[in-house]
Amino acid sequence: MMNEPEAMNEHEKRERRTVQLVVALMLFVAVIYAVTFIKLPVWLPALQ
Amino acid sequence: MTEAITTVAHEQPPAGILRWLTTTNHKDLGILYMSFGGIMFFIGGAFIMAVRAELLLPGLQLLSPGMYNQLFTLHALIMVFGAIMPFATGLNNYLIPLMIGAPDMALPRVNNWGFWILPFAAVLLLTPFFLQFFGTGSGASGLGWMMHNTSLDLQSGIGIDFAIFTIHLLGISSLTGAINVVVTVLNMRAPGMALMKMPLFVWAWLITAFMLILVMPVFSAAATMLLTDRHFGTHFFDAANGGDPILLQHLIWFFGHPEVYIVLIPAWGLIPHILATFSRKPVYGYRAQVYALWAICFLSFVVWSHHMLTSGLPLAAEVYFMYATMAISIPTSVLVFCWLGAIWRGAMTFETPMLFALGFVAHFGMGALTGLLLPDVAVNAQYHNSYVLVTHFHYTFFGGGIFGMMAAVYYWLPKFTGHMFDEKLGRLHFWLTTIFFNMTFIPQWFAGLDGMPRHIADFALRFSAMNLISSVGAFLLGLSQLLLVYIVVKCVRGGPKATGRVWEGAQGLEFTLPSPPPYHTFETPPEIK
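Those sequence lines, one after another, are chains A and B. Every position in the first sequence, counted from 1, becomes a number in the working numbering once 8 is added. Every position in the second sequence, counted from 1, becomes a number in the working numbering once 7 is added.
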């Protein structure tokens, strides 16, 4: 079992990782949305 | 594997409607999502009953072609985005924290927001359909669930605009849900719950969430581009002004094909648990199934143009998409053989969840085999847009997705409610569903082989017998689903008490908790050995 300071530390680390992951995933979504607008109209018709 | 640690709830939810509007509890939101999915299942089903009534006899009796188009489009959109996906999301909300020993989802407030977007999206989708009866607008979108007829997309009435806004709302809801799943699984697992110890259902949802994060922005962006083409003077898809109509098909199917797996993978994740439980064996081929799910995830992104083999692709592209699509059968076969391995020489019993799980394996197998046929370039030229295609995707979506969800309902219902359901009625529901599902779709397969096209309100006389059988089967299939409502309501209201483990062979952290689980669980993380 963890003692109280260790548990607090673990809790803070987990919160920090949560924020980092959410920001990274939202940026990823934004990049894909932008690439779809800007690049896919150029890349995909090349398949034809 | 696990040590039962339960906590006593110290904080109770508010009473009444306020609880459901403001809740951030993963179990409450799971129930809301599943209830919403269930209601939409019946609304989508009602729409297709009208379509099958029109197809009962040759000629036009009940519906105009335009109304027919709206009804099958709404049926498809509602079943995929309103019923199966929200129901699977409800399962993940309720079960993932319990399965990984987390107190809740990582982003509980976002979770609430993600759910409450859905009813507004549903109202938005249905509004133009009902407005037409009051003389406003030309009705809902009637262009199929993927709206891939570009010229009609650009010319049709307000129904398309409503559908575009609905897609944006659904995109926000799906993305918030997917981000929540990824963060929860990667960051909230109990100590000792290594990734390769996670239940397959959690793996399946982690993979599904990654897929949603990758393809939903493409679908939303395609919808935005359609909106700007229609109203703001851009020409992404308008051939008359230098745009490319086929581009929309590429973008939509780049989303649309992975979407098929987004619907199916959650079911693939839960079926191994059910087969293992009722075979009294551990999950068979755990690692092989995890790798197969990732392989299917990867392959699903690189096969989208098999939906467009008749759109004039160059031969090299056609051949590539044909073989890449067929390659999906390899990891899919791994899954099927692992499911069969799970029941091989097991001490099987045939309770309702097991019946639906076995029904899932059989029907999904038929859907998968017909799916192996369709990407063949030569075959596709004949069967594209025929009822062969309709049969194929109903064997995967209904035979796979819905049978899987039904298996999950019966498997976890005692855990959710604390009561056992009526087993006799459950088995009756399974047999009625199986018989009438096949009665509906086997005739459609033969009508398709004989050349009957889909999306048409009328048909040639030679298809009469097949359509008559199919329509009667569809009505009976629809009616038999009312039995499910009765079973669920009866189970929620009472019945024999369910134990914590519920089923003799059940394994997993959620079965270490009482049934129903307390409002707050795993505030102290359990120890996973």
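Glycine included, C-beta positions come from ideal geometry on N, C-alpha and C. All values reported here derive from a predicted model rather than from experimental measurement.
Would you check if the distance between the CB atom of residue i and the CB atom of residue j is smaller than 7 Å?
i, j, result
"P503(B)", "M473(B)", "no"
"A364(B)", "I281(B)", "yes"
"L362(B)", "F437(B)", "yes"
"L52(A)", "L320(B)", "no"
"V345(B)", "I214(B)", "Note that residue 345(B) is Cys in the sequence shown here, rather than Val. Cβ distance not < 7 Å, so C345(B) and I214(B) don't count as in contact."
"H313(B)", "P252(B)", "no"
"L78(B)", "F48(B)", "no"
"H462(B)", "G406(B)", "no"
"T173(B)", "L132(B)", "yes"
"F261(B)", "G250(B)", "no"
"F443(B)", "F410(B)", "no"
"P265(B)", "M218(B)", "yes"
"G425(B)", "H399(B)", "no"
"V117(B)", "T183(B)", "yes"
"A274(B)", "G408(B)", "yes"
"A201(B)", "P532(B)", "no"
"A415(B)", "L233(B)", "no"
"S286(B)", "I350(B)", "yes"
"A147(B)", "F136(B)", "yes"
"N248(B)", "G149(B)", "no"
Assuming residue i contacts residue j under a Cβ cut-off of 8 Å, what Cβ separation, rounded to an integer in Å, is found between them?
i, j, result
"Y41(A)", "P224(B)", "4 Å"
"W210(B)", "L300(B)", "6 Å"
"N100(B)", "Y40(B)", "6 Å"
"Y418(B)", "P460(B)", "Wrong, their Cβ atoms sit about 39 Å apart, outside the cutoff."
"A331(B)", "V310(B)", "5 Å"
"T528(B)", "L105(B)", "6 Å"
Using a beta-carbon distance below 7 Å, is residue i in contact with chain B?
i, result
"F45(A)", "yes"
"R25(A)", "yes"
"V30(A)", "yes"
"L33(A)", "yes"
"V37(A)", "yes"
"P49(A)", "yes"
"H19(A)", "no"
"P13(A)", "no"
With 7 Å set as the bound, which would you pick, yes or no: does the beta-carbon of residue i sit closer than that to a beta-carbon of chain A?
i, result
"P224(B)", "yes"
"H264(B)", "no"
"F172(B)", "no"
"F243(B)", "yes"
"E10(B)", "Any reading at E10(B) must be qualified, since the residue scores a pLDDT of 44, below 50, and its modelled position is unreliable; the value itself is stated next. Output row for E10(B): interface = no."
"D399(B)", "Note on residue identity: the sequence assigns His, not Asp, to residue 399(B). False, the Cβ-Cβ gap to chain A never drops below 7 Å."
"H82(B)", "no"
"N118(B)", "no"
"G236(B)", "The identity of residue 236(B) in the sequence shown is Asp, whereas the question assumes Gly. False, the Cβ-Cβ gap to chain A never drops below 7 Å."
"V192(B)", "no"
"A247(B)", "no"
"I269(B)", "no"
"H257(B)", "yes"
"T14(B)", "Residue confidence is low: T14(B) scores 45 on pLDDT, short of 50, so the model does not pin down where it sits. Its coordinate-derived value is still stated next. Judged by the 7 Å Cβ criterion, T14(B) is not in contact with chain A."
"A113(B)", "yes"
"I186(B)", "yes"
"L69(B)", "no"
"I24(B)", "no"
"L233(B)", "no"
"L213(B)", "no"
"P532(B)", "no"
"L182(B)", "yes"
"L254(B)", "yes"
"D251(B)", "yes"
"H17(B)", "Here H17(B) scores only 48 on pLDDT, less than 50, and its place in the model should not be relied on; the value that follows carries that caveat. Cβ-Cβ to chain A under 7 Å: no for H17(B)."
Comparing the C-beta of residue i with each C-beta of chain D, is any distance below 7 Å?
i, result
"A228(B)", "Absence of chain D from the displayed structure is noted, the protein chains being A and B."
| request: Spell out a yes or no on whether the segment 21 to 32 of chain A and the segment 190 to 209 of chain B are touching, meaning 3 or more CB-CB pairs, one atom from each, closer than 8 Å. | output: yes
| request: Run through the segment 109 to 179 of chain B for me and flag every whole beta strand (DSSP E) of 3 or more residues, listed as ranges in chain order. | output: none
| query | Which whole runs of the alpha helix (DSSP H) in the segment 24 to 56 of chain A are 4 residues long or more, in chain order? | reply | 48 to 51
| said: Using a Cβ distance threshold of 8 Å, determine whether the segment 54 to 69 of chain B contacts the segment 91 to 107 of chain B, with at least three qualifying pairs required. | reply: no
| What are the start and end residues of each continuous alpha helix (DSSP H) run of 4 or more residues lying completely inside the segment 328 to 367 of chain B, in chain order? | Counting only runs that start and end inside the segment 328 to 367 of chain B, the alpha helix (DSSP H) elements of at least 4 residues fall at 336 to 350.
| request: Counting only runs of 3+ residues fully inside the segment 271 to 309 of chain B, write out the beta strand (DSSP E) ranges in chain order. | output: none
| message | For the segment 510 to 521 of chain B against the segment 20 to 29 of chain B, do three or more pairs of beta-carbon atoms, one drawn from each stretch, fall closer than 8 Å, so that the two count as touching? | response | no
| task | Evaluate contact between the segment 221 to 238 of chain B and the segment 322 to 334 of chain B, counting only Cβ atoms and requiring at least three cross-stretch pairs below 8 Å. | result | no
| message | With three or more C-beta pairs closer than 8 Å as the rule, is the segment 108 to 117 of chain B touching the segment 160 to 169 of chain B? | response | no
| task | May I ask you to verify whether the segment 64 to 76 of chain B touches the segment 117 to 126 of chain B, counting CB pairs closer than 8 Å and requiring at least 3? | result | Judged by pairs of C-beta atoms under 8 Å, the segment 64 to 76 of chain B does not touch the segment 117 to 126 of chain B, as fewer than three such pairs exist.
| message | I'd like to know if the segment 486 to 498 of chain B and the segment 412 to 431 of chain B are in contact, where contact means that at least 3 CB-CB pairs between them fall below 8 Å. | response | Because the criterion of three Cβ pairs below 8 Å is met, the segment 486 to 498 of chain B and the segment 412 to 431 of chain B touch.
| field | Ranges of the alpha helix (DSSP H) found wholly within the segment 394 to 477 of chain B, counting only runs of at least 4 | value | 394 to 403, 410 to 424, 430 to 456
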